[in-house]
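Here the structure is laid out as structure tokens; the discussion comes afterwards.
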Amino acid sequence: MSNLFDSDSPTNLAEYSVSELSGSIKRTVETAFDQVRVRGEISGYRGPHSSGHAYFALKDDRARIDAVIWKGTFSRLKFRPEEGMEVIATGKVTTFPGSSKYQIVIETLEPAGAGALMALIEERKRKLGAEGLFDAARKKRLPFMPEVIGVVTSPTGAVIRDILHRISDRFPVHVLVWPVKVQGDGAGDEVANAIRGFNALEPGGAIARPDVLIVARGGGSLEDLWSFNDEIVVRAAAESRIPLISAVGHETDWTLIDYAADVRAPTPTGAAEMAVPVKAELEAQAAALAARLQGCMNRQMDQRRQSVRALMRALPSLDQLLALPRRRFDEAAAGLGRGLALNTINKRRGFERVASHLRPDVLSNRIAERRQLLNERMARAERTVERLLDRSKSRIDRAEAILASLPTRLKTQIDRGRERLGNLTRHADTAIRHQLTRARAELSAQDRVLQSLSYKNVLKRGYAVIRDEDNRPVSQAAALSAGMGIAIEFADGRVGAMTTEGGSAPASAKKRGAKPAEPTKQGSLF
53 MSNLFDSDSP TNLAEYSVSE LSGSIKRTVE TAFDQVRVRG EISGYRGPHS
103 SGHAYFALKD DRARIDAVIW KGTFSRLKFR PEEGMEVIAT GKVTTFPGSS
153 KYQIVIETLE PAGAGALMAL IEERKRKLGA EGLFDAARKK RLPFMPEVIG
203 VVTSPTGAVI RDILHRISDR FPVHVLVWPV KVQGDGAGDE VANAIRGFNA
253 LEPGGAIARP DVLIVARGGG SLEDLWSFND EIVVRAAAES RIPLISAVGH
303 ETDWTLIDYA ADVRAPTPTG AAEMAVPVKA ELEAQAAALA ARLQGCMNRQ
353 MDQRRQSVRA LMRALPSLDQ LLALPRRRFD EAAAGLGRGL ALNTINKRRG
403 FERVASHLRP DVLSNRIAER RQLLNERMAR AERTVERLLD RSKSRIDRAE
453 AILASLPTRL KTQIDRGRER LGNLTRHADT AIRHQLTRAR AELSAQDRVL
503 QSLSYKNVLK RGYAVIRDED NRPVSQAAAL SAGMGIAIEF ADGRVGAMTT
553 EGGSAPASAK KRGAKPAEPT KQGSLF
């Protein structure tokens with residue numbers, strides 16, 4: 053603030069710079085409103101900024117004030133702010149000189165009351181329920197006898213000790229503990245990551261995949277259990293492929309994870325009792341079932357033994373079984389001799405009947421019939437052969453006539469072919485001459501092009517080609533050294549020569565920016 057007065061100023065008011073005035077307003081506001089509590093509804097909340105700070109506004113039905121929560125304060129909040137939530141903020145009011153705005157820097161933030169939190173829970177419950185996350189059809193049955201149990205809870209509280217103690221008493225199994233925070237900022241993210249981490253384990257991997265999960269926490273207020281109402285926790289519980297037991301708080305405490313879990317336990321100890329059966333009861337039940345099974349087997353064997361004895365009494369003796377077959381065998385043996393005699397008599401009678409038909413006159417008649425049939429067939433065969441011979445003779449005569457006229461026809465065809473060959477020969481000669489003429493013209497044209505492109509034409513204009521000892525052309529002087537034999541080719545022949553010095557450029561010409569020397573006329577090489 054300036055204490056100087058201008059003599060030309062029409063008033064005696066003090067003169068401030070903009071920075072001085074903004075700083076004075078800032079100090080005045082911060083002094084007057086150093087610690088205030090403001091009740092309002094969160095508006096424009098988009099989560100923490102990339103810097104970790106959170107910027108939003110508090111409003112009611114008539115006014116609005118900007119608010120900011122610094123990164124360190126935001127990490128200590130018991131619950132996360134949400135759009136539309138009614139809260140009570142405690143902090144100090146300050147100004148932002150860069151834009152002539154004032155805002156409240158929040159140090160603590162709490163819900164406006166349990167009613168507001170319950171309303172938020174109910175709204176979230178309706179939203180997630182509409183998506184089907186709480187449907188009974190999604191819930192999975194717990195395994196009767198799990199081998200591995202995964203527990204998501206704080207590793208330092210009494211909850212994990214109660215669970216381990218109850219499991220050890222009932223049925224000792226392998227327990228995996230995923231340590232998480234169960235209260236405060238970030239607790240919901242850690243619980244959700246733990247549930248998803250257990251589900252990501254591969255069966256048969258280095259770390260055993262749990263058969264059932266327990267998400268547990270001791271009792272507390274609604275604010276203490278708020279992390280288990282987070283949407284990310286509820287979705288992780290609903291998406292879990294491993295059956296999940298929710299054991300959050302006491303029997304009267306309800307959170308949204310209880311609706312998404314497959315089973316809700318009243319306490320963490322109750323969750324351990326749901327997860328495993330009682331080993332002693334199973335052993336007693338198994339012993340009772342074994343005794344019942346042994347008794348049933350003994351009774352069944354006694355019944356089968358009595359049934360076999362009754363069947364044995366009903367069976368006939370061996371003599372009774374063989375009496376009827378033995379009698380049939382004796383009767384068959386007695387009738388065998390008579391049967392052979394009767395069979396022999398029947399065979400003899402049949403032979404005599406057949407022999408009575410075999411007379412010499414019958415055989416003579418049959419032979420005469422066969423001979424007559426054979427003569428008739430031979431006569432037909434001779435007539436058939438004669439007809440075939442006549443046909444063959446006719447064919448031979450026609451073939452001889454054709455052969456007799458064949459030389460005349462062949463001569464005619466040969467004359468026609470000779471005349472046609474002569475015509476073709478004349479046409480071929482003419483075509484070959486034309487083709488040779490075109491080829492000579494094309495060859496002459498190619499030769500003219502080749503001669504025009506040949507380096508020998510250049511030699512005729514006074515140039516020469518330098519070749520090294522291997523008869524390879526040399527295009528640069530740097531390729532030659534002193535005492536090297538070279539050949540110089542002119543248009544009319546070659547001459548040999550010997551170099552007297554190397555072909556490297558002078559040192560002065562190699563400097564950057566040096567102007568190359570003017571070319572000189574080629575003198576004698578000797």
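The sequence shown lines up with residues 53 to 578 when you count with our numbering.
For every residue, glycine included, the Cβ atom is placed at its ideal position computed from N, Cα and C.
Residue environment, residue i, which counts as buried when at least 16 other CB atoms sit within 10 Å
i      : result
ILE484 : exposed
PHE250 : buried
ALA239 : buried
LEU265 : buried
GLY92  : buried
PRO110 : It should be noted that the sequence gives Leu, not Pro, for residue 110. Buried: at least 16 other Cβ atoms inside 10 Å.
PHE223 : buried
PRO412 : exposed
SER292 : buried
PHE381 : exposed
ARG190 : exposed
VAL315 : buried
ASP282 : buried
PHE280 : buried
ILE156 : buried
ASP263 : buried
PHE578 : Residue placement at PHE578 is poorly supported in this model, since its pLDDT is 34, which falls under 50; the coordinates still yield a value, given next. With fewer than 16 Cβ atoms within 10 Å of its Cβ, PHE578 is classed as exposed.
SER59  : At SER59, the pLDDT of 47 sits below 50, so the modelled position is not reliable and the matter cannot be decided from this model.
PRO163 : buried
PRO133 : buried
ILE158 : buried
ILE448 : exposed
LEU161 : buried
VAL211 : buried
Same chain, Cβ closer than 7 angstroms to residue i, five either side skipped, listed in chain order
i      : result
VAL286 : LEU180, LEU185, LEU308, ILE309 and ALA312
ALA343 : none
Residue i (DSSP reduced to helix, strand or coil)
i      : result
PRO377 : helix
TYR515 : coil
ARG564 : In this prediction, ARG564 has a pLDDT of 47, which is less than 50 and means its spatial position is unreliable; nothing more can be read from the coordinates.
ARG478 : helix
PRO224 : coil
ARG524 : coil
PHE266 : Contrary to the premise, residue 266 reads as Ile rather than Phe in this sequence. Three-state result, ILE266: strand.
ALA260 : coil
ALA543 : coil
PRO231 : strand
GLY469 : helix
ALA534 : coil
GLY387 : helix
GLY238 : coil
GLY548 : strand
ASP276 : coil
PRO255 : coil
HIS486 : helix
ASP282 : coil
SER369 : coil
SER506 : coil
Own chain partners of residue i with C-beta closer than 6 angstroms, once the 5 adjacent residues on each side are dropped
i      : result
VAL547 : ILE540
TRP278 : PHE131
LYS512 : ALA543
THR572 : The predicted model places THR572 with a pLDDT of 42, which falls under 50 and marks its position as unreliable; any figure quoted below should be read in that light. Once the five neighbours on either side are set aside, THR572 has no close Cβ partner at all.
Own chain, CB closer than 8 angstroms to residue i, minus 5 neighbours either side, in chain order
i      : result
VAL225 : PRO198, GLU199, VAL200, ILE201, ILE219 and VAL328
LYS123 : PRO100, SER103, GLY104 and HIS105
LEU65  : none
GLN87  : THR142, GLY143 and LYS144
Worksheet item: Unbroken beta strand (DSSP E) runs of length 3 or more, entirely within the segment 61-146: which are they?
Response: With a minimum length of 3 residues, the continuous beta strand (DSSP E) runs that stay inside the segment 61-146 are 88-95, 106-111 and 116-121.
Discussion item. Measuring CB atoms only, is the segment 239-255 touching the segment 348-355, in the sense that at least three cross pairs come out at less than 8 angstroms?
Written reply: With a cut-off of 8 angstroms, the segment 348-355 and the segment 239-255 do not count as touching, because too few Cβ pairs lie within range.
Worksheet entry | Meets three-Cβ-pair contact criterion under 8 angstroms: the segment 288-296 and the segment 229-238 | Two segments are said to touch when three or more pairs of C-beta atoms, one from each, lie closer than 8 angstroms; by this definition the segment 288-296 does not touch the segment 229-238.
Practice prompt. Quick one: which unbroken beta strand (DSSP E) runs of 3-plus residues sit fully inside the segment 149-222? Chain order, please.
Written response: Runs of the beta strand (DSSP E) inside the segment 149-222: 153-163 and 200-205.
Worksheet item: On the three-pair Cβ rule with 8 angstroms, is the segment 317-327 touching the segment 207-224?
Response: Yes: at least three Cβ pairs fall under 8 angstroms.
Worksheet item: Hey, is the segment 191-210 in contact with the segment 265-275, meaning 3+ C-beta pairs nearer than 8 angstroms?
Response: Using a Cβ-Cβ distance cut-off of 8 angstroms, the segment 191-210 and the segment 265-275 are in contact, since at least three pairs of beta carbons, one from each stretch, lie closer than that value.
Discussion item. Taking 8 angstroms as the cut-off, does the segment 335-350 touch the segment 223-232 (at least 3 CB pairs, one atom from each stretch)?
Written reply: They do not touch, by the three-pair rule.
Fill in: Length at least 4, wholly inside the segment 415-452: the alpha helix (DSSP H) runs in chain order
With a minimum length of 4 residues, no continuous alpha helix (DSSP H) run stays inside the segment 415-452.
Fill in: Every unbroken beta strand (DSSP E) within the segment 288-366, with a cutoff of 3 residues, ordered by chain
Counting only runs of 3 or more, we get 296-300.
Practice prompt. Tell me, please, whether the segment 133-146 touches the segment 68-76 by the rule of three or more beta-carbon pairs shorter than 8 angstroms.
Written response: Between the segment 133-146 and the segment 68-76, the count of C-beta pairs closer than 8 angstroms stays below three; the two stretches do not touch.
Worksheet entry | Three-pair Cβ contact test at 8 angstroms for the segment 80-96 versus the segment 146-160 | Flag = yes, the segment 80-96 and the segment 146-160 touch.
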